[in-house]
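**Q**
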């Protein structure tokens, strides 16, 4: 085997009293896809930032081609052939594809001659098999999320990338788009690029990776060829304990009491004809491909985008939900899929975020904050949800994605809702945290709550759903009982190849 193109040798990184990496060793070789897995907070982000020059190791060495280097920043890392793409593409929406690809070009003659620029962009686009083949396409108006990520890959190729780090690249993609991105990753490896592939979707690790490294608590746990790895072993090493089948299906706790019934619900020009009911103790899952408009149904029920047609029956009476305040007054809570824009106030502290939806409970009659009560709430959910945090006064934006998600769950659980709408509750969360969130949802319905779970993760839908409502392009395709549901049956409805009466 050739020498590692990039290696971390006994690298540690501290931020004050927090030890983010401890003795981390990792070797990346040309021509392989090297998967890195670990729980949220395991140190993956710090490791990436160390490899790309954002962080300087506290101790240890970064090597390129066997030689120690001191990367001064991302620009120098890119100059040495090290690039990274992330879950949220870093593209410029007002520029076209070619301009985005060559945004960092230093060849001013190339930049000034747009014909040459676009010809070279076409070559890079063809190299990775990107579908949006016209380099004149403006990013804001013509590219899907997957195509924007492909633009970032093409940008890295334009800079003679030797190491490409892909951090949760498929977390927000459809199954087809995710498959295309994995194909690109394997193709780049076949050309001699060292690809680092970070994902919480364990099934795709087994499809794309040549080797797998597990890290936990900032430490290297193991590195093995994929042929020597099993899901059970990987999970146990990630979380430091055996985790059972976290996609198991519990017995239903549904009762005859209907909490919510909607009939022919619609929002003009968005979705129409959606009818279902949710019983106390039941989990109803909404499934479908990207663009199915499942989230829009949740937003209508929570009053963010109120329904323009159909009826909503809440505990036996007709209601109109015109705002989130009205929904909360009924006992409905909504855990958004977009925690950064809609779920949390990122600059504010963890404790402030947890009590944001129930502020009245922690204020005196004079409007003063009862800090002791707020800290009591925070500590309760820290223990209950296993939230990793140094201090309740830490800005929530400084937490890992999985811990941010748990803070958002805590905020809405504190409202004591009767119906909890979870929109992509485990997106970007590691396997151990997924098990915890699934158990939280099950515990909520066991105690008499009702849950609507919107998810693109089919194994999750099949594990949680007592019934599964499948949508396609704003229309309801059918409702499957758990005992008749399978991945094939759900996908048949989601792609319009089958139909069922609701």
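Residue numbers (my numbering): 13 to 514. Just so it is clear, CB atoms sit at the ideal spot from N, CA and C, and this is done for glycine as well.
Using 10 angstroms around the beta-carbon of residue 308, count the other beta-carbons present and answer buried if the total reaches 16, otherwise exposed.
**A** Per the 10 Å Cβ criterion, buried.
**Q** Which ranges does the alpha helix (DSSP H) cover as unbroken runs of at least 4 residues, wholly within the stretch 243-290, from first to last along the chain?
**A** For the stretch 243-290, whole alpha helix (DSSP H) runs of length 4 or above, ordered along the chain, are 243-251.
**Q** Are residue 361 and residue 427 touching if we call contact CB-CB under 9 Å?
**A** Not closer than 9 Å, so no.
**Q** In the DSSP assignment, find the unbroken alpha helix (DSSP H) run with residue 307 in it and report its ends.
**A** Note, residue 307: alpha helix (DSSP H), 306-313.
**Q** Can you give the beta carbon distance from residue 271 to residue 431, rounded, assuming they're within the 8 Å contact cut?
**A** Confirmed, about 6 Å.
**Q** Answer yes or no: does any C-beta atom of chain D fall closer than 9 Å to that of residue 182?
**A** Structure shown: chain D not included; a single protein chain is present.
**Q** For the putative contact between residue 177 and residue 64, defined by C-beta atoms under 8 Å, what is the C-beta separation to the nearest angstrom?
**A** Indeed, because the Cβ distance is near 7 Å, the residues count as touching under 8 Å.
**Q** Starting from residue 393, trace the alpha helix (DSSP H) in both directions and tell me its first and last residue.
**A** That run of the alpha helix (DSSP H) goes 383-397.
**Q** Indicate whether the contact test is met: 3 or more Cβ pairs, each with one atom in the stretch 101-115 and one in the stretch 156-168, closer than 8 Å.
**A** Contact holds: three or more Cβ-Cβ distances are below 8 Å.
**Q** On the criterion of 16 or more Cβ atoms from any shown chain inside 10 Å, does residue 326 qualify as buried, or is it exposed?
**A** Classification for residue 326: buried.
**Q** Under the assumption that residue 89 contacts residue 230 (Cβ atoms under 8 Å), give the Cβ distance between them as a whole number of angstroms.
**A** Not confirmed; about 21 Å, so no contact.
**Q** Just to confirm my understanding: we take residue 233, look at its own chain, exclude 5 residues before and 5 after, and list those with CB closer than 7 Å. What are they?
**A** Around residue 233: 226, 227 and 249.
**Q** What does the alpha-carbon distance come out to for the pair residue 358 and residue 483?
**A** Taking the straight line from one Cα to the other gives about 32 Å.
**Q** Rank 493, 159 and 445 by C-alpha distance to the C-alpha of residue 298 and give the top, closest one.
**A** Of 493, 159 and 445, the residue nearest in Cα terms is 493.
**Q** In this structure, how does DSSP classify residue 71 when only helix, strand and coil are distinguished?
**A** The answer is strand: DSSP assigns residue 71 an E or B state.
**Q** Helix, strand or coil for residue 231 per DSSP?
**A** Residue state, collapsed to three classes: strand.
**Q** At 3 residues or longer, what runs of the beta strand (DSSP E) sit wholly inside the stretch 138-214?
**A** Correct list: 175-179 and 206-210.
**Q** What is the DSSP secondary structure of residue 514, counted as helix, strand or coil?
**A** Bear in mind that the predicted position of residue 514 carries a pLDDT of just 43, short of 50, making it too unreliable to give a figure here.
**Q** Counting only the same chain and skipping the five closest in sequence on each side, list residues whose C-beta sits under 6 Å from that of residue 78.
**A** Same-chain partners within the cutoff: 15.
**Q** Can you give me the start and stop residues for the beta strand (DSSP E) that residue 36 sits inside?
**A** Residue 36 -> beta strand (DSSP E) spans 30-40.
**Q** By DSSP's criteria, residue 79 is part of a beta bridge. Which residues make up the other side?
**A** The partner list for residue 79 (beta bridge, DSSP) reads 76.
**Q** Between the stretch 308-325 and the stretch 381-396, do at least 3 Cβ pairs fall closer than 8 Å?
**A** No contact exists between the stretch 308-325 and the stretch 381-396.
**Q** Taking the continuous alpha helix (DSSP H) assigned at residue 371, which residues delimit it?
**A** Residue 371 -> no alpha helix (DSSP H), and no H or E assigned at all.
**Q** In whole angstroms, what separates the C-alpha of residue 414 from that of residue 98?
**A** Near 16 Å, if we compare the C-alpha coordinates of residue 98 and residue 414.
**Q** Within 10 angstroms of the Cβ of residue 398, are there 16 or more other Cβ atoms? Answer buried if so, exposed if not.
**A** By the 10 Å Cβ count, residue 398 comes out exposed.
**Q** Would you say residue 261 and residue 18 are within 9 Å of each other, going by their C-beta atoms?
**A** Taking 9 Å as the Cβ cut-off, residue 261 and residue 18 do not qualify as a contacting pair.
**Q** What separation, rounded to the nearest whole angstrom, lies between the Cα atoms of residue 58 and residue 102?
**A** C-alpha separation (whole angstroms): 19 Å.
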